[in-house]
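Structure, as structure tokens:
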Amino acid sequence: MIRLIAQKEMTEMLRDGRFRWAAAIVLLLLLAALLMGGQHYRDIKRQHDLAQAETREQWLKQPAKNPHSAAHYGIYAFKPKMLAAMLDRGVDPYVGQSVWLEAHKQNDFKYRPAQDSTAVQRFGELTAATVLQLLIPLLIILLSFAAFVGEREQGTLRQLLSMGIRQSDLVWGKALGITGALGLLLIPATVIGVIALILTSENGLPAATLSRMAWMTLGYLLYFGIFIGLTLAVSATARSSQTALVILLGFWIVNGLIAPRAIADIARRVHATPSAFSFQQTIDREMQSGPDGHDSADKRNSALRERVLKQYGVDRIESLPVNFAGLSLQESEEHGNTVYDRHYGALWERFEQQNRLKQLSGIIAPMLAIQSLSMGLAGTDFFHHRDFANAAENYRRLLIRKMNDDLTYQAVNRDFSYQAPPSLWQTVEEFRYDAPTTRTALAQQRLSLGLLSLWCLASLTTAIVLAHRLKID
Amino acid sequence: MLHEWRSLLADRTLWFITPLFALLIGYGVYNGMSWVRFQQTTLATVRAEEQSRLAKANATLRALEQPGAVGRAESAFTNPRLASVAGSRSGTRYAILPPAPLASLSIGQSDLYPYYFRVSTQSRQTFLTNDEIENPTNLLAGRFDLAFVIIYLYPLLILALSYNILSAEREQGTLQMIMAQPVSLRHFVTGKIALRALVILSLAVIFSLAGFLLGGVGDGSGLASGAVWVRLLLWIGVVAGYGAFWFTLAMAINAFGKSSATNALALAGIWLIVVLLIPSLLSVVATSLYPVPSRVEMVQATRRASAEATARGSQLLSKYLEDHPELTAGGQADPNDFALRTLAIQSETERLVEPVVAHFDQQTLGQQALVDRFRFLSPAIVTQAALNDLAGTGIARYRHFLGLVDEYHRTWRNHFTPLIVQRAQLRAGDYDHFPTFLFREESLGSIGRRVLTSLPGLLLPALLIGWFGLRSLRRYSLAG
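Those sequence lines, one after another, are chains R and P.
Here the first sequence is numbered in numbering that gives the first Met the number 0, starting from 0 and rising by one per residue.
Here the second sequence is numbered in numbering that gives the first Met the number 0, starting from 0 and rising by one per residue.
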């Protein structure tokens with residue numbers, strides 16, 4: 000019976016011109032989004048690969064110079080993109096794409112791409128994620144707002160029920176019918192998506208991308224399930240199809256437009272962040288209180304001096320078997336590291352708190368849950384950005400330590416005129432970055448996934464319960 | 000008309016929409032105001048830092064000038080007597096972009112653009128990337144400000160009030176009764192629409208004005224000047240024009256004589272296309288026609304240029320001094336002077352990077368020009384651009400600011416370069432006479448011109464659709 004109803008629903012929808020048009024437009028947009036996403040991914044990847052190779056070469060090609068000048072010269076790190084990023088650009092336009100790794104300072108990521116775009120970008124970007132998060136739910140609503148209420152208005156509901164069809168069969172049949180019609184749209188779209196991914200990637204589909212995509216698909220299916228259940232539930236209770244439509248459109252607007260912004264504002268208020276200026280001022284103040292690497296005679300270095308003299312059992316800096324300037328540079332670096340760890344750590348924790356609040360608000364609007372999940376799996380959320388920033392910062396510390404150590408142990412009894420041979424640059428390994436595994440990314444999204452499942456379950460149950468109480472007229 | 004007023008008052012939708020609208024507007028204005036307040040607090044800290052730094056430098060200089068004073072031996076990087084130190088560190092001033100009077104009404108792009116720069120003798124790249132801290136996830140979501148309410152939600156409220164303006168009357172059978180009265184269908188419809196437009200628009204204006212006045216304007220001095228009122232008036236004009244577009248659209252759709260549900264569907268579809276699809280498509284087209292060369296390439300070009308210039312340091316310096324004989328003013332410059340060398344290297348680096356920067360600017364300008372031209376495709380884009388312009392949170396005022404900053408940067412360098420070359424020793428009080436940055440507000444004329452060219456982009460479609468709607472009303476069948 001269920002199959003029969005489903006078949007009838009599907010055939011009806013496929014014959015409906017409205018559905019055909021809407022589906023064609025959505026499919027077209029999805030295709031365009033994938034195409035753009037792929038192109039964008041390839042451009043960025045090429046640029047970042049080139050730049051990364053070039054910055055490494057610049058580092059290696061430095062002439063003989065003082066290791067500390069080399070540390071000041073530093074190196075750049077460019078954020079790589081994951082393949083899945085072509086499906087959802089996430090926060091990428093709003094975070095800097097490169098960071099300068101130099102002595103003494105943990106720099107910010109500079110150049111947010113959105114700053115170079117026009118204001119229309121703020122209307123939202125055309126990505127596969129936008130289509131899936133906003134347009135497909137709308138399509139579901141259009142397809143099925145009249146599912147029950149329409150039959151009632153036409154008087155066919157009475158006929159149906161008088162034939163002894165069970166109401167739960169009716170719900171499942173309708174739901175399956177909608178799913179089938181959607182499937183006709185989504186299955187080709189997924190196939191096209193996978194093909195687009197393969198064509199974009201240079202080495203087929205890596206397993207990591209595949210598992211990320213699989214979880215993403217699950218997330219989106221749950222998200223669509225929510226809308227199918229909700230639409231059927233509303234359709235079963237609404238007085239007229241017009242009321243059903245207005246209620247559902249209202250939900251769509253609150254979910255997709257109002258909630259993300261409103262919650263972002265609330266999160267900003269609950270977990271406020273400092274201004275960049277006072278953030279920097281606090282860091283500067285704390286750096287001042289630490290040892291000064293550039294001026295080894297500075298009185299703030301006296302503790303270090305005492306300690307080192309004692310350690311080597313000598314009474315003058317000049318008799319040390321190591322270069323004190325190198326030690327004091329490293330000492331000030333260590334102090335800086337704790338300061339940066341504390342402040343950037345606190346700031347980023349704030350961001351994470353804001354983001355967690357947003358995830359949690361998925362309980363009000365599933366959009367917030369799916370957004371977080373989708374970005375997280377595409378590797379374009381703040382968590383991934385932070386992970387890369389941490390990796391770059393660790394590399395910076397390693398590089399600076401190597402330079403300071405060389406100064407300490409190779410430039411004994413020499414001043415800053417010491418020059419390290421170019422072979423020193425080779426001893427610094429190239430910067431390699433491994434993106435978090437699917438498991439790690441998913442662990443961040445447990446709440447989102449849980450809320451999506453909960454919503455899906457709740458809305459389908461409600462649909463069944465309400466359909467049981469279906470009034471015939 | 001009176002009857003219609005009564006029936007509108009009896010309409011539950013109106014009583015639901017009015018408080019909702021007030022709430023949304025109030026929250027939007029409140030959000031905008033907290034952002035402006037945040038910026039103002041930050042700017043106050045920025046100014047305080049400048050004051051205390053300059054005072055400290057002056058005090059140090061005064062102490063050094065005391066007869067017989069034994070100053071601590073300052074390095075070439077910290078000695079405030081050196082012009083090179085004053086021009087790049089101790090004496091620098093901030094170039095500040097204060098929030099415009101209506102800034103709280105539209106946050107626009109102001110959450111992405113820096114609003115103060117610490118201008119120094121160094122290259123502009125060193126101080127231009129001065130981003131405010133913000134969770135990128137919040138930037139992605141966008142702000143819930145008044146402009147958001149106007150662009151996205153205000154049309155929806157309008158449509159909610161008028162999507163079934165005729166169809167409902169017909170479905171209830173009241174339309175035939177009304178048409179039995181001596182009133183034409185056209186008059187009836189125009190009356191209904193005009194009444195609703197009046198209500199919604201006055202709500203929009205009253206609520207925004209109230210929120211705006213209650214929260215105080217910009218830096219407080221704003222209200223007194225007439226320019227603010229002109230801006231407010233234009234603001235109201237844009238909101239009215241945008242509203243007119245949606246009202247006439249609702250009428251035209253009703254004139255087709257379909258059922259209320261169909262009307263709702265059609266209007267929702269058009270809303271989706273106007274507010275979401277056209278803007279995102281336009282954005283895609285703009286970025287693909289004028290791809291901005293990535294900043295990554297610019298970073299690398301700068302690094303290459305600076306490495307090249309540094310390698311040729313001393314050679315550059317002698318050439319630089321040859322090119323600028325006026326700087327040495329007859330005296331001899333020391334070719335080993337570090338500050339001087341830095342100056343020459345910087346100027347060469349900037350010369351080398353120039354074409355890359357120029358290409359970059361050209362592409363972003365191209366994108367902007369394209370968006371400006373095709374904004375008329377969607378009234379939502381027209382409205383967004385106009386509101387940002389009026390609030391001073393769009394690209395135009397920011398570019399205007401950048402222009403002033405460039406000018407100031409040049410003045411600053413011209414002030415310090417001869418001093419550095421001549422190794423002048425600064426004296427107490429000199430710090431008070433460095434060039435200062437003065438922000439000149441964009442002229443009202445240029446804002447007005449941009450907004451006034453936008454208004455037809457709203458009114459023309461409204462008139463066209465209105466005319467079309469009234470024409471189709473002739474064939475309207477009362478029975479349905």
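Backbone N, C-alpha and C define an ideal beta-carbon position, used for all residues, glycine too.
Note that the coordinates shown come from a computational prediction; the quantities given were computed from them, not determined experimentally.
DSSP-derived helix/strand/coil call for residue i
i, result
"Q108 (chain P)", "coil"
"E101 (chain R)", "strand"
"A41 (chain R)", "Reading off the sequence shown, one finds Arg at residue 41 (chain R), where the question assumed Ala. Three-state result, R41 (chain R): helix."
"P320 (chain R)", "coil"
"K55 (chain P)", "helix"
"Y222 (chain R)", "helix"
"R267 (chain R)", "helix"
"L81 (chain P)", "strand"
"G219 (chain P)", "Summary for G219 (chain P): the model assigns pLDDT 49, below 50, so the residue's position carries little reliability, and this model does not support an answer."
"A237 (chain R)", "coil"
"Y93 (chain P)", "strand"
"K78 (chain R)", "coil"
"R142 (chain P)", "coil"
"V118 (chain P)", "strand"
"Q424 (chain P)", "strand"
Contacts that residue i makes with chain P (C-beta to C-beta distance below 8 Å)
i, result
"L30 (chain R)", "None at all; the shortest Cβ gap to chain P is about 13 Å."
"G335 (chain R)", "Residues of chain P passing the Cβ test: none, with the nearest at roughly 18 Å."
"T272 (chain R)", "I132, E133, N134"
"N354 (chain R)", "N134, T136"
"Y432 (chain R)", "Per Cβ cutoff of 8 Å: no residues; Y432 (chain R) is ~15 Å from chain P at best."
Below-8 Å beta-carbon distance, residue i vs any chain P residue
i, result
"T461 (chain R)", "no"
"Q444 (chain R)", "no"
"A18 (chain R)", "In the sequence under discussion, the amino acid at residue 18 (chain R) is Phe, which differs from the Ala named in the question. No, F18 (chain R) lies away from the interface with chain P (no Cβ there is under 8 Å from its Cβ)."
"I252 (chain R)", "yes"
"M35 (chain R)", "yes"
"A377 (chain R)", "no"
"P290 (chain R)", "no"
"A457 (chain R)", "no"
"S277 (chain R)", "yes"
"R2 (chain R)", "no"
"V464 (chain R)", "no"
C-beta atoms of residue i and residue j nearer than 8 Å
i, j, result
"S258 (chain P)", "S161 (chain P)", "no"
"V111 (chain P)", "V90 (chain R)", "The question names Val, but residue 111 (chain P) is Leu in the sequence shown. The answer is no: Cβ separation not under 8 Å."
"S83 (chain P)", "A338 (chain P)", "yes"
"N322 (chain R)", "T407 (chain R)", "yes"
"L367 (chain R)", "I225 (chain R)", "no"
"K78 (chain R)", "K44 (chain R)", "no"
"R185 (chain P)", "L469 (chain P)", "yes"
"A379 (chain P)", "E441 (chain P)", "no"
Residue-level contact to chain R via CB, residue i, 8 Å cutoff
i, result
"V291 (chain P)", "yes"
"D130 (chain P)", "yes"
"Y112 (chain P)", "yes"
"A260 (chain P)", "yes"
"S279 (chain P)", "yes"
"S282 (chain P)", "yes"
Where residue i meets chain R, residues with beta-carbon distance less than 7 Å
i, result
"I164 (chain P)", "Within 7 Å Cβ-Cβ: nothing; I164 (chain P) doesn't reach chain R, min ~14 Å."
"Q367 (chain P)", "T117"
"Q108 (chain P)", "A118"
Cross-chain neighbours of residue i in chain P, by beta carbon under 7 Å
i, result
"L256 (chain R)", "Y151"
"V269 (chain R)", "Chain P residues near V269 (chain R): none, gap ~12 Å exceeds 7 Å."
Cross-chain neighbours of residue i in chain R, by beta carbon under 8 Å
i, result
"R294 (chain P)", "Q96, S97, K109, Y110, P112, D115"
"N57 (chain P)", "Those within 8 Å of N57 (chain P) in chain R number zero; the least Cβ separation is about 21 Å."
"A21 (chain P)", "Those within 8 Å of A21 (chain P) in chain R number zero; the least Cβ separation is about 15 Å."
9 Å Cβ cut-off: residues of chain R touching residue i
i, result
"I394 (chain P)", "T117, A118"
Closer than 8 Å to chain B by CB, residue i
i, result
"P259 (chain R)", "Annotation note: the requested chain B is absent from the structure, which comprises protein chains R and P."
Proximal chain P residues relative to residue i, where beta-carbon distance stays under 9 Å
i, result
"E53 (chain R)", "Q299, R302, R303"
> Could you give the uninterrupted runs of the alpha helix (DSSP H) lying entirely in the stretch 123 to 170 of chain R, keeping only those of 4 residues or more?
Replying inline: 135 to 143, 148 to 153, 155 to 161
> Whole alpha helix (DSSP H) runs in the stretch 180 to 259 of chain P with 4 or more residues, listed along the chain?
Replying inline: 184 to 213, 225 to 254
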